[in-house]
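Protein chains in written order, with our numbering: chain A, 1 to 163; chain B, 1001 to 1386.
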């Protein structure tokens, strides 16, 4: 990882749909170098996937999301890793993190409606071995995701000319 | 009734783009590359610091020079970044934007009849401020063939026995030009030989993309005769807060301070508080914005050249300055027709003085999406000209 890699990562994180040609111009590199560097970053697992930040509320598909917190008994030899792997395999689990504080895991889970999310937690997550306690927080509104604010308006109107 | 308007107020020209401004306001979906300010909002930690300070009752005057901790922080910053050495209590004034700094700098050193050399193209206030101070502005063109740098020979041709000062601005608005150390050295020799004061507006210093900014006062023997102007508007996206600073040898600074205390008293305290947060903890945000400007510059200038508007790569600031020579239109005609037909606002280069004619100032401090759309519209406009 050098400064050029860092710049590419920043550009991609902000807009993963940039063309190689545009990136080459923006980052002052040859297109071939861009391709090679991105491939290397993908192979190294630094770039995990390319996705879009979507305001699902605005998309109006009616899905709901929840933050689920779990208290977990870690396993001898494996700690939290094996149970984390099992939980993360559910398609409904959008993210999973080990955290400090009262709870051990924090998940985000999506479903068609509140009942579906609740059912998923009570039927699949809560009964798992080593899960001691769950807390479910339904997300009522997202104001910012992945560094992007969902506000209607940012900043103020600019005048058309200033010298 | 007699004419109440003073000769000087009549003498200074009105804004060169009033017509465009009014026209643009009547239009919808204008993409403006005409704005000389960052499109970013002020980093939020700066705003929070200011809001908190207001809540704590921080709404009064500050000392004339400005908040002591801010001056100390600026002094350290200038030393660490540009090898400048200015005493925070004796050689520095916090001003209400660089605009005020420029005005009081000129008034501190110019007597009626003094000639003030002004490197053009440049920001539009330089010559009017000289006129208001009773001086005579003498333009020195910076030409495209010299990468819009100040050519010492052209400067020398305009120096007379009445010359008192030289005003320069690098990185430059509107050309994006940057002076290298050797360019400044050649200018320094003339400034020193003819005992001139140098007024160096370095408000775009942080927006230097190739190499690092060379502060005028660090070149040759210029330190003792240079007034350095800088501010927070461009680098920290703080245009509306109106915070700049003037640094100069004590004698000049004392004179400027007298004028400052009578006409301004002090710079706005809420802006000073935000600036202090910026200089203490705003570097990362600043660097992020500078990186983005550089990326946009690369993209935009490449695209301008691709569609046939020849443009050198600007090394600083956030302006591209393409030539419209090949279109057969003047810069005014081009800018007006482009606005009317494609709703893209750019500023004719002539507005910025000699050397600017035949060019457009396009600020790339707008989102990449808008930049690309502006290029698309300009391309459509050009294809109709053929």
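Ideal placement from N, C-alpha and C gives every residue a C-beta, glycine not left out.
Taking a contact to mean a Cβ-Cβ separation below 7 angstroms, would you say residue i touches residue j in this structure?
i, j, result
"residue 1187 of chain B", "residue 1158 of chain B", "no"
"residue 1106 of chain B", "residue 1073 of chain B", "no"
"residue 1335 of chain B", "residue 1344 of chain B", "no"
"residue 1123 of chain B", "residue 1279 of chain B", "no"
"residue 1267 of chain B", "residue 1252 of chain B", "no"
"residue 1381 of chain B", "residue 1325 of chain B", "no"
"residue 1070 of chain B", "residue 1272 of chain B", "yes"
"residue 126 of chain A", "residue 136 of chain A", "no"
"residue 24 of chain A", "residue 38 of chain A", "no"
"residue 1075 of chain B", "residue 1082 of chain B", "no"
"residue 1100 of chain B", "residue 1264 of chain B", "yes"
"residue 1362 of chain B", "residue 1033 of chain B", "yes"
"residue 1227 of chain B", "residue 1255 of chain B", "no"
"residue 1046 of chain B", "residue 1277 of chain B", "yes"
"residue 1316 of chain B", "residue 1245 of chain B", "no"
"residue 1091 of chain B", "residue 1250 of chain B", "yes"
"residue 64 of chain A", "residue 113 of chain A", "yes"
"residue 1128 of chain B", "residue 1012 of chain B", "yes"
"residue 162 of chain A", "residue 1349 of chain B", "no"
"residue 1305 of chain B", "residue 1375 of chain B", "no"
"residue 1155 of chain B", "residue 1190 of chain B", "yes"
"residue 22 of chain A", "residue 71 of chain A", "no"
"residue 26 of chain A", "residue 1301 of chain B", "no"
"residue 1275 of chain B", "residue 1318 of chain B", "no"
Taking DSSP as the reference, what is the three-state secondary structure of residue i?
i, result
"residue 1221 of chain B", "coil"
"residue 70 of chain A", "strand"
"residue 1293 of chain B", "helix"
"residue 17 of chain A", "coil"
"residue 1169 of chain B", "strand"
"residue 1348 of chain B", "strand"
"residue 1259 of chain B", "helix"
"residue 132 of chain A", "strand"
"residue 111 of chain A", "strand"
"residue 1060 of chain B", "coil"
"residue 1386 of chain B", "coil"
"residue 75 of chain A", "strand"
"residue 1162 of chain B", "coil"
"residue 1334 of chain B", "helix"
"residue 1265 of chain B", "coil"
"residue 1016 of chain B", "coil"
"residue 49 of chain A", "coil"
"residue 962 of chain B", "Chain B is shown only over 1001 to 1386; residue 962 of chain B falls outside these bounds and no answer can be derived."
"residue 23 of chain A", "helix"
"residue 124 of chain A", "helix"
"residue 1026 of chain B", "coil"
"residue 1021 of chain B", "helix"
"residue 1315 of chain B", "coil"
"residue 1042 of chain B", "coil"
"residue 1099 of chain B", "helix"
"residue 30 of chain A", "coil"
"residue 1377 of chain B", "helix"
"residue 1300 of chain B", "helix"
"residue 62 of chain A", "coil"
Using DSSP's beta-bridge definition, name the partner residues of residue i.
i, result
"residue 1178 of chain B", "DSSP, once it has assigned bridges, lists no residue as partnering residue 1178 of chain B."
"residue 106 of chain A", "A:69 and A:97"
"residue 1362 of chain B", "B:1320"
"residue 144 of chain A", "A:149"
"residue 162 of chain A", "B:1035"
"residue 137 of chain A", "A:67"
If residue i sits next to residue j, beta carbons under 8 angstroms apart, how far is it from one beta carbon to the other, in whole angstroms?
i, j, result
"residue 1314 of chain B", "residue 1288 of chain B", "Contact doesn't hold; Cβ gap of about 20 angstroms is too wide."
"residue 1054 of chain B", "residue 1119 of chain B", "Not really, about 40 angstroms apart at Cβ, beyond 8 angstroms."
"residue 1164 of chain B", "residue 1196 of chain B", "7 angstroms"
"residue 1130 of chain B", "residue 1116 of chain B", "4 angstroms"
"residue 1020 of chain B", "residue 1175 of chain B", "Not a contact, Cβ separation roughly 20 angstroms."
"residue 1212 of chain B", "residue 1200 of chain B", "Not really, about 16 angstroms apart at Cβ, beyond 8 angstroms."
"residue 1093 of chain B", "residue 1257 of chain B", "6 angstroms"
"residue 1368 of chain B", "residue 1299 of chain B", "7 angstroms"
Does any residue of chain C bring its CB to less than 7 angstroms from the CB of residue i?
i, result
"residue 26 of chain A", "The question asks about chain C, but that chain is absent: this structure's protein chains are A and B."
For residue i, verify whether its CB is less than 6 angstroms away from any heavy atom of the ligand NAP.
i, result
"residue 1038 of chain B", "Annotation note on the ligand NAP: not contained in the displayed structure, which lists no ligands."
Problem set entry | Complete beta strand (DSSP E) runs within the region 1114-1160 of chain B (minimum length 3 residues, chain order) | 1115-1120 and 1136-1141
Exercise. Along the chain, which unbroken stretches of the beta strand (DSSP E) at least 3 residues long are found entirely within the region 1188-1252 of chain B?
Worked result: 1197-1201, 1226-1231 and 1244-1247
Exercise. For the region 1069-1097 of chain B, which segments carrying the beta strand (DSSP E) assignment without a break, of at least 3 residues, lie completely within its bounds, in sequence order?
Worked result: 1092-1095
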